[in-house]
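In our numbering, the protein residues as written are 711 to 886.
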């Protein structure tokens, strides 16, 4: 960080190059924190029958949920126990100062304020995507409402055949 700042002040690098270097440094630090945290959650120290400590696979419920893919991800666990990391502004650019605290430790006022950029943008994006998908659905219904299927077989060999069965529709592979 200090080296990139001094290079910028000396005129050796442009402001954009300095910005990219700072973002890369913090992203690498964030990855190292995330890896160390997941490695720590992955194993636990137990005392065996002989009274000696040994490592075994962890039964940490948060780790098991993320590792299995059932819920959450390593990035979300990192924000809970590691560090929040870099945040984006509403225009999409990344704020140079990362949030080094996590939700377990708590955020100070500045870190909380920086976090609000991403939260507000996420909610706005979700609302816009929902509106766009609803609009697309309405348009598709409008276009396809007069569509009538008049043939049983269109002649392609790359489809599936749906036939009514005893308990609903049955999928059959079309003969190739």
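Glycine residues also receive a C-beta, built at the ideal position from the N, C-alpha and C atoms.
Residues that residue 756 bridges to, as DSSP identifies them: Walking along the chain shown from the start, residue 756 turns up at place 46. Residue 756 is bridged to 764.
Would you call the CB atoms of residue 812 and residue 793 closer than 8 Å? For this step, residue 812 is matched to residue 102 along the chain shown. For this step, residue 793 is matched to residue 83 along the chain shown. Yes. Within cutoff.
Please classify residue 871 as buried or exposed, where buried requires at least 16 other C-beta atoms within 10 Å of its C-beta. Within the chain shown, residue 871 is the residue found at index 161, counting from 1. Its Cβ having fewer than 16 others within 10 Å, residue 871 is exposed.
Quick one: complete beta strand (DSSP E) runs, 3+ long, within the region 821-866? none
Can you tell me whether DSSP reads residue 780 as helix, strand or coil? Here residue 780 corresponds to residue number 70 of the chain shown, with the count starting at 1. Looking at residue 780 - three-state DSSP - the assignment turns out to be coil, as it is neither helix nor strand.
May I ask you to report which of helix, strand or coil DSSP gives residue 805? On the chain shown, position 95 is the one that residue 805 refers to. Residue 805 falls in the coil class under three-state DSSP.
Within its chain, find whatever has a CB closer than 8 Å to the CB of residue 786; leave out the 5 residues flanking it on each side and keep chain order. Walking along the chain shown from the start, residue 786 turns up at place 76. The answer, listed in chain order, is 776.
Exposed or buried, which one is residue 747 when buried takes at least 16 other CB atoms within 10 Å? Residue mapping note: residue 747 aligns to position 37 of the chain shown, counting from 1. Under this definition residue 747 is a buried residue.
Return the Cβ separation of residue 796 and residue 740 in integer angstroms, given the expectation that the two are a contact with Cβ distance under 8 Å. Counting from one through the chain shown, the residue named residue 796 turns up at place 86. Counting from one through the chain shown, the residue named residue 740 turns up at place 30. Confirmed, about 7 Å.
Would you mind sorting residue 736 into buried or exposed? The rule is 16 or more other CB atoms within 10 Å of its CB. As a working note, residue 736 is residue 26 in the chain shown. Looking at its Cβ environment, which holds 16 or more other Cβ atoms inside 10 Å, residue 736 is buried.
Mind checking residue 886: buried by the 16 CB within 10 Å criterion, or exposed? By one-based count along the chain shown, residue 886 stands at place 176. Any reading at residue 886 must be qualified, since the residue scores a pLDDT of 46, below 50, and its modelled position is unreliable; the value itself is stated next. Under this definition residue 886 is an exposed residue.
Buried or exposed by the 16-neighbour rule on C-beta atoms within 10 Å, applied to residue 716: Numbered from 1 along the chain shown, position 6 holds the residue referred to as residue 716. It counts as exposed.
Coarse secondary structure for residue 811, derived from DSSP in three states: Here residue 811 refers to the residue found at position 101 of the chain shown. Correct three-state label for residue 811: coil.
Closest by CA to residue 769, which one among 754, 823, 830? Residue mapping note: residue 769 aligns to position 59 of the chain shown, counting from 1. Here the closest residue by C-alpha is 754.
So if DSSP puts residue 878 in a beta bridge, which residue, or which two residues, is it bridged to? Counted from its first residue, the chain shown places residue 878 at position 168. Per DSSP, 875.
Separation of residue 815 from residue 821, as counted between CA atoms: For the purposes of this step, residue 821 is taken as the residue at position 111 of the chain shown. For the purposes of this step, residue 815 is taken as the residue at position 105 of the chain shown. One C-alpha to the other measures close to 12 Å.
Which stretch, first to last residue, makes up the alpha helix (DSSP H) that contains residue 769? For the purposes of this step, residue 769 is taken as residue 59 along the chain shown, with counting starting at 1. Premise fails: residue 769 is in no alpha helix (DSSP H) and is neither H nor E.
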